[in-house]
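Accompanying notes for the structure given below.
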Amino acid sequence: MQLRQKLRRFAKWAGLVVCALIVAVTVATLWCAVECDLPRLSVTLKAGGVYAFWVNPPYENPGPHGWAVNRSTPALELIPDFSVMRDRNGQGVYHATIPLCLLLVVVSVPTALLWRSDRRSRPGCCTRCGYNLTGNVSGVCPECGHKAWSAKHNRAPT
Ligand SMILES: [Zn+2]
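Heads up, the sequence shown is in my numbering, so the first residue is 304 and it goes up one at a time.
Structure representation (C-alpha cells):
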C-alpha cells in the first residue's frame, strides 16, 4: 500500500473516531460541565460548547485553578462568539465560545468526502460509475463508456 493511500485511510478512520468523540462529548456536556482553570487560561466544556478565555498580564484568572467537574441542568448553546476587551495599554481578555456541532461539521465534511471518494474508486472498478471491470480488456467501461485506464499508465484490473 502506498504512503498516500495509508494516509488517506488513516485520515478516514481518524475523522470517524473524532466525529464519534465530538458527539459523545456533546451529549455528556448537556448534563455535565468540565472546567480547566490556569492562571492565564480557562477552558470549560458545557452545554454542547467549548468556552475559553485568555487573559494577558497584568490580569489573571481569579481561580480557583485546576480541574473541576460539575453537574448542570440540560442546556445547549449553539451560537459561536468571539470577543476581546482591551485596556488603554492594549492588554486584554479574549473570550471565545465554539459550539461542538460547529467542530462536528468542520471534521465530518472532509471525512465524509474521503469516504465517498474511496467508495467510488474501488480497485478493479470504474472510477466514474463503480461498475466491476474484472476481466475487461478494452479499458472502456461497458456501463458508462468511461475510459477506465490507459494501457500506458495502468494495467487492466484482474
Ligand atoms: Zn463506468
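Virtual Cβ for every residue (Gly too), placed ideally from N, Cα, C.
On a predicted model such as this, the values are computed, not experimentally measured, just so you know.
Pair within 8 Å by beta-carbon distance, residue i and residue j
i	j	result
P402	G352	yes
A371	E338	yes
D384	N364	no
I325	L406	yes
Option in the options with minimal Cα separation from residue i
i	options	result
H368	L379, L344, A331, D384	L344
A378	L341, A399, K349, A317	K349
C432	S441, P445, L381	P445
A399	V387, G393, C428	V387
T332	T430, L406, R374, C428	R374
E380	N435, V443, A336, L324	A336
T376	N439, W334, Y354	W334
C404	N359, W316, A323	A323
Closer than 7 Å: residue i CB and nearest ligand 1 heavy atom
i	result
R419	no
R425	no
E380	no
C429	yes
W398	Note on residue identity: the sequence assigns His, not Trp, to residue 398. Every heavy atom of ligand 1 is 7 Å or more from the Cβ of H398, so no.
C335	no
E446	yes
Residue i, buried or exposed, once every other Cβ within 10 Å from all chains shown has been counted against 16
i	result
Q308	exposed
L306	exposed
C429	buried
T437	exposed
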